[in-house]
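> Mapped onto numbering that gives the first Met the number 0, the consecutive letters of the sequence shown carry residue numbers 0 to 241.
Positions of the beta carbon are idealized from the N, C-alpha and C atoms, including for glycine.
My questions will all concern the structure given below.
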Amino acid sequence: MTLSRNRNNLFIVFPILLFGMTGISRAEILWSELGDAGESLGTAQAISGMDEITSIIGTIESSATLGYEDVDLFKIYIEDFSIFSATTKNSAALDTDLFLFDSKGFGLASNGDNVFATPPELFATIPSDSVSGSPGIYYIGIAFAGDYPKSVTGRIFPDLFDLSSTGKVLGPISPGGNNPLSNWEYDGDPGRIPLPASYEINLTGVNTVPDVVPEPGSSLLILTGLASLVGLRCRQRLIKKS
């Protein structure tokens, strides 16, 4: 396959079609983390442009010396929630959780791996039809297992490692979920992965963030304006002919 990179930090993978294959293969659009994505709404890495995104690739790390765990937050545009999904594909040593927030930072969904399954499911996933919403701006975050998003009133989501919740897609809880994301809290072992570890988030139903997000009803206004313009020009032509 051919891998090319454009000015918007997008890697486009063009599959090679083989004779005898049925169906149509389309290009995969991979977003490669630029530098270090932030962990707040203000520092989240916006995936810009108008292309459909199929994967995000990046790295997160921890530091026993500094006592922190890296979190990567990305600003995306979800076009169709009926087919939206996000699933991690990580290096062997990396155990991560996924978190989804709306445009204002309110928690929508979270998921971690299921180590108690047989065999263990060592990936996090928010499958299609597990969360609903309208097309628009959202934030997706990836963090080490044990790193939780918080608001000013507490944790936004429940403990993903609890026996009753492991592997499940969980929504926000009160009181933390009543307010938007403000920071992250880690209750694990800082420095357990001292070197940067690679991750991949496979996506469906996700586009890059448009340069200008249309306001609700703006499409109707544009169509109405175009119709008025066409009508005006038709009248002008009739007047000239008469």
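Ordered along the chain, which non-local residues of its own chain (more than five positions away) have a Cβ less than 6 Å from that of Arg154?
Stepping through the sequence shown from its first residue, residue 154 is reached at position 155. Result list for Arg154: Tyr147, Gly175, in chain order.
> Helix, strand or coil, according to DSSP, for Ile15 in the structure here?
The residue you call residue 15 lines up with position 16 of the sequence shown. With a pLDDT of 33 at Ile15, under the threshold of 50, the predicted position of this residue should be treated as unreliable, and no value is reported.
> If I measure Cβ to Cβ from Ser131 and keep anything under 8 Å in the same chain, skipping five residues before and after, which residues do I get?
Position 132 of the sequence shown, counted from the first residue, corresponds to residue 131. Cβ within range, chain order: Phe80.
> Quick check: what's the CA-CA separation for Asp35 versus Asp128?
Looking up residue 35 in the sequence shown gives position 36. Looking up residue 128 in the sequence shown gives position 129. Straight-line Cα distance between these residues: approximately 30 Å.
> Can Glu68 and Phe156 be called in contact, C-beta distance under 8 Å?
As a position in the sequence shown, residue 68 is number 69, starting the count at 1. As a position in the sequence shown, residue 156 is number 157, starting the count at 1. No.
> Can you list, in chain order, the stretches of the beta strand (DSSP E) that have 3 or more residues and sit fully within the region 127 to 151?
Entirely contained in the region 127 to 151, the beta strand (DSSP E) runs reaching 3 residues are, in chain order, 135 to 143, 146 to 150.
> Which partner residues does Asp96 have in the DSSP bridge list?
To locate residue 96, count along the sequence shown from 1; it is residue 97. Asp96 is bridged to Gly111, Ala142.
> Shortest alpha-carbon distance to Phe105 belongs to which of Pro195, Gly140, Asn177, Trp30?
For the purposes of this step, residue 105 is taken as the residue at position 106 of the sequence shown. Selected option, being the one with the closest Cα: Asn177.
> In the DSSP assignment, find the unbroken beta strand (DSSP E) run with Phe73 in it and report its ends.
Translated into the one-based positions of the sequence shown, residue 73 becomes position 74. Where Phe73 is concerned, the enclosing beta strand (DSSP E) stretches over 70 to 77.
> Comparing C-alpha positions only, which one of Val208, Glu60, Lys167 sits nearest to Tyr138?
Here residue 138 refers to the residue found at position 139 when the sequence shown is read from its first residue. Taking only the C-alpha atoms, the option nearest Tyr138 is Val208.
> Which residues in the same chain as Ser102 place their Cβ atom closer than 7 Å to its Cβ, once the five residues preceding and following it in sequence are excluded?
Position 103 of the sequence shown, counted from the start, is the residue given in the question as residue 102. For Ser102, where only same-chain residues beyond five positions count, the Cβ hits under 7 Å are Gly135, Ile136, Tyr137.
> Are Asn286 and Glu32 close, meaning C-beta to C-beta below 8 Å?
For the chain, the structure presents residues 0 to 241; residue 286 sits outside this window and is missing.
> Note down, in chain order, each residue of its chain lying with its Cβ closer than 7 Å to the Cβ of Thr95, except the 5 sequence neighbours on either side.
Here the question's residue 95 lines up with position 96 in the sequence shown. Around Thr95: Thr87, Asn89, Ala123, Ile141, Ala142, Phe143, Ala144, Tyr198.
> Compute the Euclidean distance between the alpha carbons of Pro171 and Ile28, then round it to the nearest angstrom.
Translated into positions along the sequence shown, residue 171 becomes position 172. Translated into positions along the sequence shown, residue 28 becomes position 29. For Pro171 and Ile28, the distance between alpha carbons rounds to 30 Å.
> Which residues does DSSP list as the beta-bridge partners of Glu199?
In the sequence shown, counting from the first residue as 1, residue 199 sits at position 200. Paired residues: Ile56.
> Do you know how far the Cα of Ile75 is from the Cα of Leu159?
Start at 1 with the first residue of the sequence shown, and residue 159 comes out as number 160. Start at 1 with the first residue of the sequence shown, and residue 75 comes out as number 76. Rounded to whole angstroms, Leu159 to Ile75 spans 24 Å at the Cα level.
> Give the DSSP-derived three-state secondary structure of Arg176 in the structure shown.
Residue 176 sits at position 177 when you count from the first residue of the sequence shown. The sequence as given places Gly at residue 176; Arg does not occur at that position. Residue state, collapsed to three classes: helix.
> Let me confirm a value: Asp186 is counted as buried when at least 16 other C-beta atoms fall within 10 Å, else exposed. Which label applies?
To locate residue 186, count along the sequence shown from 1; it is residue 187. Answer is exposed; the Cβ neighbour count stays below 16.
> In this structure, does DSSP put Val168 in helix, strand or coil?
The sequence position of residue 168 within the sequence shown is 169, counting from 1. Coil, per DSSP.
> If you compare alpha carbons, which of Ser61, Leu93, Ile82, Gly41 is closest to Phe73?
Locating residue 73 in the sequence shown gives position 74, counting from the first residue. Residue Gly41 is the option with its Cα nearest to Phe73.
> Who are the Cβ neighbours of Pro179 in its own chain at under 7 Å, not counting the five residues just before and after it?
On the sequence shown, position 180 is the one that residue 179 refers to. Result list for Pro179: Lys103, Gly104, Phe105, Ser150, in chain order.
> Would you mind reading off the limits of the beta strand (DSSP E) that contains Thr85?
Stepping through the sequence shown from its first residue, residue 85 is reached at position 86. Note that residue 85 is Ala in the sequence shown here, rather than Thr. That run of the beta strand (DSSP E) goes 84 to 87.
> Which same chain residues, not among the five before or five after Met45, have their C-beta less than 6 Å away from its C-beta?
Position 46 of the sequence shown, counted from the first residue, corresponds to residue 45. Going by the sequence as given, residue 45 is Ala instead of Met. These residues qualify, in order along the chain: Lys74, Val208.
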